[in-house]
Every structure is written in C-alpha cells, then in structure tokens.
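Undergrad:
There are 2 protein chains.
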Amino acid sequence: MLERFKVPEADRVYVKQERARKVTEAVLRHSGVSAAGARASAEVLITNDLRGVESHGVSNGLRRYVRQYANKELNPRPRPKILKETSTTARVDGDLALGTEVGAWCMNMAIEKARQHGIGAVSLMNTGHLAGCGYYAYMATENDMIGHMMTAGGGHQTLPTFGAKPLLGTNPIAWAAPARKMPPFLLDVATTQVAGNKIELARRTGHTLFPGWIAKKDGTAIMEEVLAPTAGTYYMLPFGGTRENGSHKAYGLAVMNEIMCNELSSMGPGPLLEHAGGSFFAAYSIEAFTDLEKFKDDMDRMLEAFATCPPAPGFDRVLYPGLSEHEEFVDRTSRGIPYHREVVEWFESYCAETGIECELR
Amino acid sequence: MLERFKVPEADRVYVKQERARKVTEAVLRHSGVSAAGARASAEVLITNDLRGVESHGVSNGLRRYVRQYANKELNPRPRPKILKETSTTARVDGDLALGTEVGAWCMNMAIEKARQHGIGAVSLMNTGHLAGCGYYAYMATENDMIGHMMTAGGGHQTLPTFGAKPLLGTNPIAWAAPARKMPPFLLDVATTQVAGNKIELARRTGHTLFPGWIAKKDGTAIMEEVLAPTAGTYYMLPFGGTRENGSHKAYGLAVMNEIMCNELSSMGPGPLLEHAGGSFFAAYSIEAFTDLEKFKDDMDRMLEAFATCPPAPGFDRVLYPGLSEHEEFVDRTSRGIPYHREVVEWFESYCAETGIECELR
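Here the protein sequences line up with chains A and B, keeping their order. Using the numbering used here, you'd call the opening residue of the first sequence number 31 and step up by one each time. Using the numbering used here, you'd call the opening residue of the second sequence number 31 and step up by one each time.
1) For Ala167(A) and chain B, any beta-carbon pair shorter than 8 Å?
2) Closer than 7 Å by beta-carbon distance: list the chain B residues that pair up with Ala335(A), in chain order.
3) Going by CA-CA distance only, name the one from Ala144(A), Met179(A), Glu357(A) that's closest to Ala161(A).
4) Could you check which residue in Ile229(B), Leu113(B), Ala209(B), Val152(B) has the C-alpha nearest to that of Ala134(B)?
5) If the cut is a Cβ gap below 7 Å, which residues of chain B does Ala258(A) touch?
6) If I measure Cβ to Cβ from Arg371(B) and keep anything under 7 Å in the same chain, skipping five residues before and after, which residues do I get?
7) In terms of residue numbering, what span does the beta strand (DSSP E) encompassing Leu113(A) cover?
8) Which chain A residues are close to Ser15(B), counting only those with a beta carbon under 7 Å from its beta carbon?
9) Classify Glu288(A) as buried or exposed, calling it buried when 16 or more other Cβ atoms lie within 10 Å of its own Cβ.
10) Strictly by DSSP, which residues pair up with Ala205(A)?
11) DSSP state of Arg256(A), grouped into three classes?
12) Report yes if the CB atom of Thr181(B) is closer than 8 Å to the CB atom of Ile149(A), and no otherwise.
13) Terminal residues of the continuous beta strand (DSSP E) containing Phe310(B)?
14) What residues match up with Met155(A) in a beta bridge as DSSP calls it?
15) Determine the direct distance from the alpha carbon of Ser354(B) to that of Glu39(B), and round the result to whole angstroms.
16) Assuming the contact rule is C-beta atoms closer than 8 Å, Phe393(B) and Arg81(B) should be a hit. Round their C-beta distance to whole Å, please.
17) Within 8 Å (strictly less), CB to CB, does Arg210(A) reach chain B?
18) In three-state terms, what does DSSP make of Thr222(B)?
19) Can you give me, in chain order, the residues of the segment 351 to 382 of chain B that have a beta carbon less than 8 Å from any beta carbon in chain A?
20) Which residue or residues does DSSP assign as beta-bridge partners of Ala245(B)?
21) Suppose you measure from the CA of Glu103(A) to the CA of Leu113(A); what does that come to, to the nearest Å?
22) How would you label Leu429(A), buried or exposed, when you count the other beta carbons within 10 angstroms and need 16 or more for buried?
23) Here's the rule: buried if 16 or more other CB atoms are within 10 angstroms of the residue's CB, otherwise exposed. What is Gly199(B)?
24) Under 9 Å Cβ-Cβ, which residues of chain A neighbour Arg331(B)?
25) According to DSSP, is His356(A) part of a helix, a strand, or is it coil?
26) Can you tell me where the alpha helix (DSSP H) with His278(B) in it begins and where it stops?
27) My assumption, with CB atoms under 8 Å, is that His356(B) sits in contact with His147(A). Please give the rounded CB distance.
28) Tell me which residue opens and which closes the beta strand (DSSP E) that Arg69(B) is part of.
29) Quick one: is Thr263(B) buried, meaning 16 or more other Cβ sit within 10 Å of its Cβ, or exposed?
30) Should the segment 86 to 99 of chain B be regarded as contacting the segment 53 to 66 of chain B, the criterion being three or more beta carbon pairs within less than 8 Å?
31) Ignore the nearest five residues each way along the sequence and tell me which others in His186(B)'s own chain have a CB closer than 6 Å to its CB.
32) Report, in whole angstroms, the separation of the C-beta atoms of Val219(A) and Ile203(A), which I expect to be a contact under 8 Å.
33) Can you look up Leu197(A) in the DSSP assignment and give me helix, strand or coil?
34) What is the residue span of the beta strand (DSSP E) that Tyr369(A) lies within?
35) Which one of Pro368(B), Glu274(B), Ala65(B), Gly385(B) has the shortest CA to CA distance from Pro391(B)?
36) Give the straight-line distance between the Cα atoms of Lys52(B) and His86(B), rounded to the nearest whole angstrom.
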C-alpha cells in the first residue's frame with residue numbers, strides 16, 4: 031500500500047486482533063446475525079486488517095454493514111440456495127447475506143469440487159459486500175490449490191476507456207497460489223487505479239490522489255495531483271489511467287470480471303442495473319495438473335527470484351504480491367492492528383449506545 | 031491498436047486472405063511441417079491479421095519460425111503427448127511444435143472436457159510461439175463457452191515493479207465470451223505496456239514510444255517519448271508503467287500468468303530458466319452455470335451499453351474488447367489484409383529463393 035494510505039503514526043491505536051474480532055462479532059450479532067455468520071464475517075475483515083489491507087477491514091466496512099442491516103438491505107439470517115449444480119460448477123443465490131458471511135462457503139464449495147474433479151467454480155448472486163477478493167482466493171492455497179476470485183461490486187463509478195459515463199464498479203480480481211517456504215502468492219487488485227475504499231482512506235488521512243487516478247464528470251482524466259474529493263464529484267478510471275498507459279487493458283479486465291460475476295451468475299448487466307454485483311469463485315487442484323512437490327519447489331525458486339531482484343535507483347526492494355501482506359500479518363499478529371483512532375472511537379461510541387462490551391485498548 | 035502501429039497508407043499492399051493463407055502454408059510446408067500442421071498455424075496467423083492484430087500475424091512471426099525450423103529449435107513433425115489427465119484437466123508436452131500448430135488442439139481438449147464436465151483446462155509445455163492468446167480463447171465462444179488462455183512467452187524482458195532485472199516475458203492474458211447479436215467479447219492483452227512485437231512494428235513504421243513504456247537498463251522508467259530503440263538496449267515495464275499508475279497490478283497479473291503457464295505445466299520458473307514458456311487453456315461451459323439464452327441476451331445488453339457509451343471530450347467512440355477486431359475482420363475479409371510492402375517483399379524474395387509459388391498481389 032502507498033505510504034499516503036497508511037494511518038499516520040500519531041493517529042494509530044494498536045488493537046490486538048482477538049479484541050477487534052470479539053467486538054466486531056458482537057456488533058454483527060447486535061444486527062441480528064447468527065453466531066456462525068458473525069464469526070465468518072469477522073474472520074474475513076480481521077484477516078484483511080492483519081494483512082495490511084485495511085481498506086477492506088472493519089474501518090470502512092462495519093459501520094456501513096450495520097446501516098445496511100438496519101435498512102433491511104442485508105438479510106441477517108440468510109439461507110443461501112444452490113440454483114444449479116454440476117460436478118464442477120454451481121450457481122448460488124446468496125439471499126442478501128453480507129458477502130463476507132457467504133463467500134467462504136462458496137469458495138469451500140469450489141475447493142471441494144476441485145478436490146473431487148480437478149477444478150471447481152461457483153458463481154454467486156444477491157449478496158452485500160465481500161470485503162475484497164484476496165481472502166477467498168487465499169483459502170485455495172491452504173488446500174494445495176490455486177484460487178481465483180472476483181466480485182463485480184462498487185456500483186457505477188468507473189469510466190470505460192474513452193467514455194464519459196461510469197458503467198463499471200471497481201471490479202477487483204484475486205489470484206493465489208501456494209509455495210513451500212516462501213509466503214504464498216496473493217494478488218488482489220481493483221481494476222481501477224485505486225480501490226473505492228482507498229479514496230475514503232485518503233480523505234480521512236488528508237492525502238492527495240495522483241495524476242490520472244480519477245476523472246471529471248465529463249470523462250476528462252484529472253492529470254494533476256488533487257486532494258481526495260467527496261463522493262459524487264468525480265469518476266474512477268481503469269488502472270493505467272490513460273489509453274497510452276494501458277487503461278484499455280484494465281478496462282477489458284473489468285468487463286471480463288463483469289461477465290464472470292454478473293452474466294454467469296444471472297444477476298444481469300451491471301452497467302444497466304442497480305444491483306450490488308455478483309461474484310465468481312474458482313479453485314484449481316495443482317495435483318490434477320502436475321506433481322505438487324515440484325510445483326511448490328518451483329514456486330519457492332520463482333518467488334525468491336522476485337524477492338531478491340535488485341531494485342531500480344530510488345527503490346528499496348522488490349516485492350511480489352502477497353509478500354508484504356505476509357510480513358504485515360506476522361507483525362500485526364504480535365503488535366496489534368494499527369487502527370485510526372477515529373475507527374476505535376466509532377466502535378466505542380457505537381458500543382456505548384448499544385450496550386456492547388468494547389475492550390479494544 | 032494505436033494509430034502509430036498501423037501500417038502507413040503509402041506502404042500498404044492489400045492481400046486477399048486466401049492468398050496470404052496459401053503462401054503461408056506453403057512456406058511452413060517448405061520447413062517440413064505437415065499439411066495439417068501448416069493449415070493450423072496459418073489459420074491462427076491469418077485470423078490474427080484479419081482481426082487487425084498484425085503484431086501477431088505473419089508480418090513478424092513467419093520469418094522467425096522459418097529460422098527456428100532451420101535451427102532445429104522447432105520440431106516440424108511434433109507428436110504432442112498427454113503427460114497427466116483427469117476428467118477436467120490435462121498437462122501436455124508439445125514436443126517443440128510451433129505453438130500455433132498445437133494450441134488449437136489443446137484448446138479443443140479443454141472445450142471437450144468443459145462440454146462433458148462443466149469446466150476444462152490444459153497446461154502446455156515445450157512449444158514455440160503461440161502468436162497471441164486471443165485466437166484460442168475465442169474458440170470457446172464458438173462452443174457457447176467462456177474461454178481463458180495465457181502464455182508465458184517473451185523471454186526475460188520485463189521488469190518487476192521497483193526492479194532492475196528483467197524477470198518476466200510479455201505474459202499475455204486472453205478472455206473471450208459469446209453474445210447473440212453483438213460481436214463476442216475478446217480481450218487479448220500483454221501485461222506489459224506494449225506487446226514485444228509492437229516495438230518491432232513501431233521501428234518499422236518509424237513511430238515513437240510513449241513515456242513510461244520502457245525502462246533504461248538500470249530499471250529507471252524512460253518518461254519521455256522516444257523512437258523505438260533496437261532490441262537489447264531497453265527493458266519493458268508492466269502496463270501502467272509506474273507504481274502510481276498501477277504497474278504493480280499488471281506485474282502481479284504477469285506473475286499469475288507465470289504460475290499458471292510455467293509452474294502448472296512443470297516447465298519450471300521462467301525468471302530462472304531460459305525456456306520459451308508454457309501456456310494455459312481453459313473453457314467454462316455457460317450452461318453448467320446458468321441459462322445460455324439469458325446469458326446471451328444479457329451479454330448483448332451489456333456490450334451494447336459500452337458500445338453506445340457517450341465518449342469523453344476528444345474521443346470519437348467507446349469500444350469494448352473484441353468490437354474493433356470484429357469490424358476489422360469484416361472489412362479485411364472483403365478488402366484484403368493491409369500488409370506493409372516490406373512484408374510482401376519478404377514473402378516474394380523468400381518464395382523466389384525456395385521455388386514456392388507466391389501470388390499475393
């Protein structure tokens with residue numbers, strides 16, 4: 031994550047993960063969510079926070095989910111239904127569950143199908159926020175599989191390349207693959223220049239956005255560095271920003287995401303409908319293709335080649351996707367998660383109002 | 031394709047596809063390739079030329095393949111072997127076939143597995159050039175499936191984000207999906223700012239490269255517009271170009287490609303080995319997930335929303351991946367393929383030398 035998105039040192043409150051998890055579960059339970067559902071959602075959100083992906087942890091998400099449960103936009107007691115199923119595929123109606131409650135269930139279904147038949151994939155419709163894709167893709171690595179997960183969330187905020195009308199969400203893509211000694215490969219990226227939540231984070235921390243990150247409402251890319259504007263005054267651009275820097279490729283990947291998440295789940299065209307977006311989960315058994323032990327050895331050597339690549343002038347080191355997330359996970363598991371004090375204060379005031387026990391500090 | 035990569039009007043020789051196909055097959059036959067093999071390769075190359083993807087047609091490829099057959103880097107009479115197989119997966123040794131000869135065979139295997147079991151995927155090792163990924167992904171659309179194809183080709187030319195050592199190829203990714211009335215979705219993009227072949231095309235047409243497209247050999251991105259340099263004097267960058275414009279996302283996708291193509295095929299780590307790179311072919315049966323007719327209707331509505339999106343100031347229209355390729359295909363099928371006269375002259379001189387009949391004009 032770019033420095034500008036990190037919580038400034040002075041504003042940090044370090045919270046042990048068990049404490050954050052306990053309060054998060056209690057807040058969800060207060061919204062009527064079952065014990066198992068609250069546990070599943072807290073597991074996704076707190077794992078994201080531990081991995082340094084706080085844009086998709088409790089900071090931005092939880093207060094929104096509480097509001098959505100109160101408004102009946104989310105169903106606290108969902109009964110997901112399998113609408114179609116084959117040995118390798120399934121299509122699931124999430125019954126308006128919070129995505130974090132039902133996502134792992136879908137990914138586990140894909141994993142079990144892959145264990146039996148080599149590959150498994152599940153398309154999911156009718157849920158709330160999944161809180162990123164990385165958590166679900168990563169689950170495959172714990173089963174000696176390659177994971178692929180996408181969600182077409184984020185409403186209408188992103189312009190197609192050359193376009194003036196926002197037709198896409200942030201449409202993120204995740205892939206994950208296991209190694210032996212090296213931390214697993216874990217890629218989880220929005221197809222926009224920046225995840226929607228990060229603009230909110232930048233606004234909270236007072237940081238600017240880079241040239242080519244967002245566009246004016248007539249579709250013109252803003253090519254100066256600007257303070258994060260308030261929602262509704264700008265549109266997002268596919269990553270790359272301009273055609274010359276490859277934004278048409280990220281736009282194309284966003285449309286692929288739209289197809290796999292919305293058309294394949296039968297939610298229907300995201301650009302035309304006001305829905306929250308479907309999702310897609312896939313798992314590939316490594317053993318169905320090749321020798322697992324050789325694969326892991328090769329992964330170690332390959333990932334190490336990136337981690338030890340000499341850096342270009344002005345840079346400290348080369349990362350690969352998943353490496354800094356692993357380092358953050360280890361560090362934050364022992365030191366605690368550095369939440370912005372505003373987030374801790376929200377927890378405390380919400381819990382005081384609702385009579386939830388709240389021991390975060 | 032950017033204007034600068036198109037063959038200038040004055041240098042164009044329009045060649046009817048049947049003529050280009052006949053001579054291409056004859057040139058391959060002269061290298062010892064079987065009639066079926068030559069037909070398969072010409073089909074990929076000429077289809078790319080018809081779609082306007084001349085960076086992956088006969089212009090750059092054919093003379094290289096002839097040289098590789100002569101050097102015994104390619105096997106003109108390959109016997110591809112299935113090394114491992116399940117109901118949904120296979121791993122294939124290409125026996126040093128030109129990739130265009132064996133690629134469609136692998137994709138058809140993935141399609142047949144998907145027809146039987148919902149999903150099919152094949153990893154392929156030991157081949158020459160595949161000539162892009164789009165051709166193979168598109169094959170799935172003709173079978174009411176979604177296609178996914180990647181190849182880890184292109185040697186060591188691309189820097190990881192922040193890195194000074196080129197560890198990746200151009201690692202392209204293709205996805206394709208059918209619609210009903212609208213031309214199919216067809217995305218085929220290198221994870222670099224520009225396909226390697228396009229730098230050769232720009233050199234031939236005397237055009238410049240944009241800022242952030244390539245880097246100096248110490249890893250520093252060249253942020254001015256420069257003439258296309260000769261091979262060996264620069265490195266490529268992942269698309270986006272810089273971290274601020276999302277190059278780490280394209281770099282991450284390139285590593286995913288490396289894993290799916292090289293580790294899953296057991297070719298082994300591309301960054302460490304001097305091999306040509308493996309490939310990955312996958313097909314998803316739409317009917318295994320949802321109603322095919324609704325899917326196609328939804329695709330039409332979704333793709334039309336992009337094709338009719340109002341353009342931003344300074345742009346004529348909004349495209350979606352596959353739309354201009356379809357338009358080029360229709361136009362070039364009737365008018366002929368506008369080859370650079372240098373390409374036609376190469377055909378003519380090679381054919382004169384080798385006694386191959388050559389009626390292109």
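Ideal placement from N, C-alpha and C gives every residue a C-beta, glycine not left out.
TA: So, from the data block:
1) no
2) Leu197, Pro299, Pro301, Leu302
3) Met179(A)
4) Val152(B)
5) Neighbours of Ala258(A) on chain B: none; closest Cβ ~15 Å, over 7 Å.
6) Asp41, Val43
7) 111 to 115
8) Coverage of chain B is limited to positions 31 through 391, which leaves residue 15(B) absent and any answer about it impossible.
9) buried
10) Rather than Ala, the amino acid found at residue 205(A) in this sequence is Trp. Answer is His178(A), Leu217(A), bridged to Trp205(A).
11) For clarity, residue 256(A) is Val in the given sequence; the question names Arg instead. Val256(A): strand per DSSP, three-state reduction.
12) no
13) 309 to 315
14) Asp123(A)
15) 19 Å
16) Given that chain B is displayed from residue 31 to residue 391, the structure contains no residue 393(B) and the question cannot be resolved.
17) no
18) strand
19) Pro351
20) Ala251(B), Tyr265(B)
21) 22 Å
22) Here chain A has residues from 31 to 391 only, and residue 429(A) is not among them.
23) buried
24) Gly298, Pro299, Pro301, Leu302
25) helix
26) 277 to 288
27) Contact flag wrong, Cβ pair sits at about 35 Å.
28) Run containing Arg69(B): none in the beta strand (DSSP E); it sits in the alpha helix (DSSP H), 65 to 80.
29) exposed
30) yes
31) Pro196
32) 6 Å
33) coil
34) 367 to 370
35) The amino acid occupying residue 391(B) in the given sequence is Arg; Pro does not appear at that position. Out of Pro368(B), Glu274(B), Ala65(B), Gly385(B), Pro368(B) has the C-alpha closest to the C-alpha of Arg391(B).
36) 18 Å
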